[in-house]
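Peer 1:
In the working numbering, the protein residues as written are 398 to 796.
1. Given a cut-off of 8 Å on the beta-carbon distance, is the pair residue 583 and residue 698 in contact?
2. For the structure I just gave you, are there three or more beta carbon pairs, one from the stretch 720-733 and one from the stretch 651-658, closer than 8 Å?
3. Hey, which unbroken runs of the beta strand (DSSP E) at 3 residues or more fall wholly within the stretch 558-597?
4. Closer than 8 Å is the cut-off here; do at least three beta carbon pairs connect the stretch 484-504 with the stretch 422-436?
5. With a threshold of 16 other CB atoms inside 10 Å of the CB of residue 696, please say whether the residue is buried or exposed.
6. Measure the C-alpha to C-alpha separation of residue 575 and residue 497 and round it to an integer number of angstroms.
7. Using the C-alpha atoms, what's the distance from residue 542 back to residue 578?
8. Would you say the stretch 464-476 touches the stretch 433-451, given that touching needs at least three Cβ pairs under 8 Å?
9. Let me confirm a value: residue 784 is counted as buried when at least 16 other C-beta atoms fall within 10 Å, else exposed. Which label applies?
10. Cutting at 6 Å between CB atoms, please list the residues of its own chain near residue 773, excluding the five before and the five after it.
11. Name the DSSP beta bridge partners of residue 652, please?
12. Given that a residue counts as buried once 16 or more other Cβ atoms are within 10 Å of its Cβ, and exposed if not, what is residue 570?
13. Any idea if residue 611 is buried or exposed, counting beta-carbon neighbours within 10 angstroms, 16 or more meaning buried?
14. Taking the Cβ atom as the reference point for each residue, do residue 791 and residue 400 lie within a distance shorter than 8 Å?
15. Grab the span of the alpha helix (DSSP H) containing residue 357 for me, first residue to last.
16. Mind reading off the beta-carbon distance from residue 748 to residue 635? Whole number of angstroms is fine, and I expect it under 8 Å.
17. State the Cα-Cα distance for the pair residue 629 and residue 715, rounded to the nearest angstrom.
18. Given this structure, state the Cα-to-Cα distance separating residue 609 from residue 775, to the nearest angstrom.
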């Protein structure tokens, strides 16, 4: 089987260049794609894999180049072709569509007799539609790693043009996605929402780096949350619960960005036990996670979108060596809850009581649970074993 992996992954040098100039960077997708590629690179079939990447740059002038030129390189010793396109409004979408189609066609024609699979990250119509047009001509199978359902994605719809664009995107994405040949979902519930034609599918919630060290750090009196600060993710309840708990000298430390930030900044100005640190590089956040006493994720379990997602932050928390306290989201399999503390009721009062109870648990007991969490994800969800599963699934479907 020949595999073409399509996404936004880039080598460290290019990604740093994007970080230095762009205002919005898809950290989570970049991190997961690099883990996937690192896992693929360790398979015995590495020579059968190539990467096609669309660099995640904002349109000119937010990103200083109006034309992104085609380039070749390597990621984890796997050859990668960086797509060229005109980085201007409308022209970006048009040129991406056709250069993507041309690149996939060129790849497929190199292997006229072999089984060929294209693995997409996500369901972007600018990629799925050209692939569907090429599927019969090039005799390729199409699969997608689906980390979220487009209709539940939180995006700006503050004006009529944005709402119309959003509606068109979701409609095109749903129709194209439904025509793919196979799916890798992060939640079992995604199958009922997306896979209407009952195509082959598997579930892989995500993955962690198999080389991630277990690094203990000196603990600070901090409860930490790192992630989206959009209000629908329950961050306001967490802040209110922490204030109600009233447990000095503990601080609530928060990293991230979202619509709750202006309100959070006002609260932090008047309450010195709440510290908002904005956004930061992942390495800085991971060190802060190791130093905290407790990591929390208050995402409300009653929200419908939580059935169709698996918070990637769960893996990062469980790898940190710090105990975590999370809500029992329906998209998270029960096995994970054996290694985390969980909120029962999700009212402000109940969340305050739960946090206090966890902090009152002996430190040795909390640390043992954190160590078990680390061992569980490292042994069962590392990128090599997950990509082996995905390769075998795709290989079977390619026959």
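C-beta atoms are modelled at their ideal positions from N, C-alpha and C, and glycine is treated no differently.
Peer 2: In short:
1. no
2. Output reads no: the stretch 651-658 does not touch the stretch 720-733.
3. Fully contained in the stretch 558-597 are the following beta strand (DSSP E) runs of length 3 or more, in chain order: 579-582.
4. no
5. buried
6. 20 Å
7. 12 Å
8. Yes, the stretch 464-476 is in contact with the stretch 433-451.
9. Its Cβ being crowded by 16 or more others within 10 Å, residue 784 is buried.
10. 736
11. 623
12. buried
13. exposed
14. yes
15. Not covered by the structure: residue 357. The range shown for the chain is 398 to 796.
16. So it is a contact: roughly 7 Å between Cβ atoms.
17. 23 Å
18. 8 Å
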